[in-house]
Amino acid sequence: MTASPMELDAARLLLSKMGIAPADLLAETELRPVVPTFSEYIPQVSRAVSPATARSYGSYWRRVEEAWGGRRLDEPTPSEIKQLAEESRANALVRRNSRGGRNAAENFIAAIRCLYRHAVNDRLLTEGQNPALKVAKPRRLPSPRRALADHELVDINTTAATTGDDPHLDTLLLRLHTETACRRGERSACGGETWRRPSVSFTSGRKTAPAASNRSHRP
1 MTASPMELDA
11 ARLLLSKMGI
21 APADLLAETE
31 LRPVVPTFSE
41 YIPQVSRAVS
51 PATARSYGSY
61 WRRVEEAWGG
71 RRLDEPTPSE
81 IKQLAEESRA
91 NALVRRNSRG
101 GRNAAENFIA
111 AIRCLYRHAV
121 NDRLLTEGQN
131 PALKVAKPRR
141 LPSPRRALAD
151 HELVDINTTA
161 ATTGDDPHLD
171 TLLLRLHTET
181 ACRRGERSAC
191 GGETWRRPSV
201 SFTSGRKTAP
211 AASNRSHRP
């Protein structure tokens, strides 16, 4: 019996979702290696990635190992991965710039995707067997950062010029940042001296006076 074009298209779509190419069906069946547990595989991936990646993902991999250390990579479902990501969000440290734990959940998903990407590359799993790809990262919130309005910049300069231990120096530093948009590290490199940035913060519409400006001469 010959399949219709519609049936062939449906079969191709199904194979594509399973991560199987039609040519794979014609090839000889090959024995896949035994899928390792998370406790066995995480150290291997940690050695394979860059030191920076290992530092970034290390805490999340430890969390995975604590929860699923004895399980094989092909056992967790997308729902279980999402649940563990939500636990990471709930347990995230609250900082001044926290976004409700979204970064922790996003980094957790990125970390576990890294594990599964290596597993696919090592032919332990197929692309279609990768459950981490079926878990969406949390949508990022709009950044709270914005440019200062003209009147805010005027207020900052006025406060710096009328308060603090060295108003003249403070206004010069603010002028430098306003004109060049340089960062603190670039400013510190100017003139061979290290300057402490004067600080003006806004809290509920109130300004605090700039901190005392200190400078230390390098020997």
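Per the UniProt record's numbering, the sequence shown starts with residue 1, numbered consecutively.
Don't be surprised by glycine CBs; every beta carbon is placed ideally from N, CA and C.
Given K137, which residues of its chain have a CB within under 7 Å of its CB, disregarding the five upstream and five downstream residues?
As a working mapping, residue 137 is identified with position 137 in the sequence shown. E106, I109, listed in sequence order.
Using CA coordinates, which residue listed in T171, T126, S79, R146 is at the minimum distance from T158?
One-based indexing of the sequence shown puts residue 158 at position 158. Residue T171 is the option with its Cα nearest to T158.
How about R72: is its Cβ closer than 7 Å to a heavy atom in the ligand ZN?
You won't find the ligand ZN in this model; it holds no ligand whatsoever.
Which residue from A11, S56, K17 puts its Cα closest to that of Q129?
As a first step, residue 129 must be located in the sequence shown, where it is residue number 129. The residue with the shortest Cα to Cα distance from Q129 is K17.
Less than 8 Å between C-beta atoms, sequence neighbours within five positions excluded: which residues of the same chain meet that for A21?
As a working note, residue 21 is residue 21 in the sequence shown. Cβ neighbours of A21 beyond the five flanking positions: L15.
Rounded to a whole number of angstroms, what is the C-alpha to C-alpha distance between I81 and A11?
Along the sequence shown, one-based indexing puts residue 81 at 81. Along the sequence shown, one-based indexing puts residue 11 at 11. Going from the Cα of I81 to the Cα of A11 covers about 29 Å.
With DSSP run on the structure shown, which of helix, strand or coil describes T178?
In the sequence shown, residue 178 corresponds to position 178, counting from 1. Three-state DSSP puts T178 in a helix.
M60: which of D74, E86, P167, A161 sits nearest, CA to CA?
Numbered from its first residue, the sequence shown carries residue 60 at position 60. Reading off the sequence, residue 60 comes out as Tyr, not Met. For the residues D74, E86, P167, A161, the minimum Cα distance to Y60 belongs to E86.
Using the Cα positions of Q83 and S50, report the straight-line distance between them to the nearest angstrom.
The count along the sequence shown starts at 1 and reaches residue 83 at position 83. The count along the sequence shown starts at 1 and reaches residue 50 at position 50. CA-to-CA, the gap between Q83 and S50 works out to about 28 Å.
Looking only at its own chain, which residues have a Cβ that is under 8 Å from the Cβ of L125, when we skip the five neighbours before and after it?
As a first step, residue 125 is located in the sequence shown; it is residue number 125 there, counting from the start. If we look at L125 and ignore the five residues flanking it on each side, its Cβ neighbours are V35, L73, D74, Y116, A119.
Which of the three DSSP states, helix, strand or coil, is assigned to T194?
For the purposes of this step, residue 194 is identified with residue 194 of the sequence shown, where counting begins at 1. Confidence in T194 is poor, its pLDDT being 47 and thus under 50, which makes the residue's placement unreliable; the coordinate value appears in the next sentence. Note: T194 maps to strand in three-state DSSP.
Around the C-beta of V154, are 16 or more other C-beta atoms found within 10 angstroms, so that it is buried, or is it exposed?
Position 154 of the sequence shown, counted from the start, is the residue given in the question as residue 154. Within 10 angstroms of the beta-carbon of V154 lie fewer than 16 other beta-carbons, which makes it exposed.
Excluding sequence positions up to five away, which residues of its chain have a Cβ less than 8 Å from the Cβ of M6?
Within the sequence shown, residue 6 is the residue found at index 6, counting from 1. Contacts found: none.
Nearest-angstrom Cα distance between R146 and H177?
What you label residue 146 is simply residue 146 of the sequence shown in a count that begins at 1. What you label residue 177 is simply residue 177 of the sequence shown in a count that begins at 1. Rounded to whole angstroms, R146 to H177 spans 16 Å at the Cα level.
Measuring CB to CB, does G69 end up less than 8 Å from S39?
As a working note, residue 69 is residue 69 in the sequence shown. As a working note, residue 39 is residue 39 in the sequence shown. Yes, the pair counts as a contact, with Cβ atoms nearer than the cut-off.
Would you tell me roughly how many angstroms separate the C-alpha atoms of T2 and L8, rounded to the nearest one?
Position 2 of the sequence shown, counted from the first residue, corresponds to residue 2. Position 8 of the sequence shown, counted from the first residue, corresponds to residue 8. Their backbone Cα atoms lie some 10 Å apart in a straight line.
By DSSP, does R62 sit in helix, in strand, or in coil?
As a position in the sequence shown, residue 62 is number 62, starting the count at 1. In this structure, R62 counts as helix in the three-state DSSP scheme.
Taking DSSP as the reference, what is the three-state secondary structure of R12?
In the sequence shown, counting from the first residue as 1, residue 12 sits at position 12. Looking at R12 - three-state DSSP - the assignment turns out to be helix.
Would you report the Cα separation of A149 and I156, rounded to the nearest angstrom?
Residue numbering aside, residue 149 sits at position 149 when the sequence shown is read from its first letter. Residue numbering aside, residue 156 sits at position 156 when the sequence shown is read from its first letter. Their Cα atoms are separated by approximately 11 Å.
If you count every other CB in all the chains shown that lies within 10 Å of the CB of S88, and 16 or more means buried, which is it?
Here residue 88 corresponds to residue number 88 of the sequence shown, with the count starting at 1. Answer is buried; the Cβ neighbour count reaches 16.
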